[in-house]
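Take a look at the structure below.
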RNA sequence: GGAGAGGUGGCUGAGUGGUUUAAGGCACACGCCUGGAAAGCGUGCGUACCCUAACAGGUAUCGAGGGUUCGAAUCCCUCCCUCUCCGCCA
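Numbering (my numbering), first residue to last: -2 to 432.
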């Protein structure tokens, strides 16, 4: 959420920077400012009336104490009418606040000045690459072929259980998934300074609003209810990312400056309805309704936000480097960034079987956009209450990492080579071909 | 799900309709005192919004939302959360 006072004083800049997202959001600014002016005028007026009522009520109290009941009764008459006017105006003020909040919650974050202008992913500059695409003296297979041949995934039965887009990992596949999760958590907690948390996998709508999922992406979430009790529908949602619970851990709190920075990492499954994306889904594991992910979250002082963003990207890159996977780092342009983000780096890993790069990580600094939505603050050393920067990044998404890993490290005999750092977790140096 | 007890500022803790303008204490900040410190004494000290060039001023806020009243931390209703016990349950 943007700061209404900042918008009030920087209306032109707000419009310009919203316009740079090429989403037409800047058109909402004028009506927002009108509501703001109306709200403040009403508030000033009704607060004067309340001050008056308060003063007279106090007089009535004093008169009652002195047993002057007639005089008190006369004053009650005048304040009764005052109370009716106040109630009416309170309703108007609340209406204006509700309308203003609805617009504020619908506006995306402003892009940072270092974000390049653009309208689609075609305009995202490549920042750097690491390694080279794997070369083969045979034709590399798709992960679908590999997973079926090695019985890593039972696609048909996964679909039987839950529909298309749900995966049943089996045997070495299930074991590899588990090994990757633990490898990632150990890396980030032992080497990168994150505190591991294991959050709920369902969250309240307030948490979804806090990170900016709601109100814009209601359709993307799975809403749950208790049994057949429809009245409980909408009280909890399956998390689309661990960012939803973990970024909200300190919602509504006032942290101390010495508490910062806070680094969390968490494993969770991620549930995405992908409404409207029917038919876009590719065969296999690349676009699914449920996948595992290890997420990194940072809560930092505003002056450290961008330094910490770079560090977080490096943390995610380390995963791919240790696994020997070629990747590139992309800076998202203004038109391609997520709703809550001010600046986002994507990391795309090379999948030789696909002949394409797959997004396995997205690291964003949301600045104070989310912390304002969730009323998360910290008291600075000079006593001011400030909104910290909130950063989130995948470290990394698992299904696509699984794809890149088996496609990159497939051998001519059909087995999968396991990179050294992962071996203690898998308990093997390769996934063998079936006998 | 049932019964009971609770929810007051950073913490603690009073307050059952009207100088409560939320007492007192702790913590914190500043000052006095001291060779220095502690103790003691004094002053200040929540949050959000409105207004103002600034100082000042105003409104709201006692888990949340409604209601009664001239006036609600206090009375009524609904909901949320915590604790104790019971039931069910991995």
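Virtual Cβ for every residue (Gly too), placed ideally from N, Cα, C.
- Per the DSSP secondary-structure output, residue 362 pairs in a beta bridge with 340 and 388.
- Under the three-state reduction of DSSP, residue 133 is assigned to coil, being neither helix nor strand.
- Taking residue 238 as the centre and dropping the five residues before and after it, the same chain places the C-beta of 267, 290 and 292 closer than 7 Å to its C-beta, in chain order.
- Contact check for residue 376 and residue 253: beta-carbon distance about 6 Å, within the 8 Å limit, so the pair qualifies.
- Short of 6 Å from the beta carbon of residue 356, and not among the five residues preceding or following it, lie these beta carbons of its own chain, in chain order: 343 and 345.
- Within the stretch 303 to 332, the complete beta strand (DSSP E) segments of 3 residues or longer fall at 324 to 328, listed in chain order.
- Bounds of the beta strand (DSSP E) holding residue 289 are 287 to 297.
- When secondary structure is reduced to three states using DSSP, residue 382 falls in the strand class.
- The C-alpha of residue 96 is placed about 48 Å away from the C-alpha of residue 352.
- Put simply, the stretch 324 to 342 does not touch the stretch 141 to 159. Fewer than three CB pairs are less than 8 Å apart.
- In this structure, the CA atom of residue 81 is about 42 Å from the CA atom of residue 107.
- For residue 268, DSSP records a beta bridge to 287.
- Leaving aside the five residues that flank residue 309 on each side, the residues in its chain whose CB is nearer than 7 Å to its CB run, in chain order, 293, 295, 360, 388 and 390.
- Following the DSSP letters along the chain, one finds residue 123 inside the beta strand (DSSP E) bounded by residues 123 to 127.
- Take residue 248, set aside five residues on each side of it, and the residues of its chain with a beta-carbon closer than 6 Å to its own are 207, 371 and 373, in chain order.
- In chain order, 419, 422 and 423 place their CB closer than 7 Å to the CB of residue 176, counting only its own chain and leaving out the 5 sequence neighbours on each side.
- Under the three-state reduction of DSSP, residue 374 is assigned to strand.
- A direct Cα-Cα distance of roughly 23 Å separates residue 230 from residue 288.
- The three-state reading of DSSP puts residue 157 in helix, counting H, G and I together.
- Secondary structure in the stretch 0 to 24: the alpha helix (DSSP H) runs of 4 residues or longer, each lying completely within the stretch, are 1 to 6 and 8 to 16 in chain order.
- Annotation for residue 337: 106, 209, 363, 366 and 367 place their beta carbon closer than 6 Å to its own, counting only its chain and skipping 5 residues before and after.
- Going by DSSP, residue 422 is part of the alpha helix (DSSP H) stretching over 420 to 423.
- DSSP places residue 111 outside both helix and strand once states are collapsed to three, so it counts as coil.
- Cβ contact annotation for residue 188 (same chain, cutoff 8 Å, sequence separation greater than five): 315, in chain order.
- The stretch 29 to 36 makes contact with the stretch 86 to 105, as at least three CB pairs between them are under 8 Å.
- Bounds of any alpha helix (DSSP H) do not take in residue 253; it lies within the beta strand (DSSP E) bounded by 251 to 253.
- In the structure shown, residue 116 adopts coil according to DSSP, grouped into three states.
- Distance from the CA atom of residue 126 to the CA atom of residue 233, rounded to whole angstroms, is 40 Å.
- Boundaries of the alpha helix (DSSP H) around residue 79: 66 to 103.
- With respect to the C-alpha of residue 369, the residue from 137, 432, 329 and 299 having the closest C-alpha is 299.
- A distance below 6 Å between beta-carbons, with the five flanking residues on each side excluded, links residue 174 to the following residues of its chain, in chain order: 166.
- In the same chain as residue 90, and ignoring 5 residues on each side of it, the C-beta atoms closer than 8 Å to its own belong to 36, 39, 40 and 43, in chain order.
- No Cβ-Cβ contact shorter than 9 Å links residue 159 with residue 281.
- Using a Cβ distance threshold of 9 Å, residue 306 and residue 122 do not count as a contacting pair.
- Apart from sequence neighbours up to five positions away, the residues of its chain that approach residue 410 with a beta-carbon distance below 8 Å are 430, ordered along the chain.
- In the DSSP secondary-structure assignment, residue 355 is bridged to 346.
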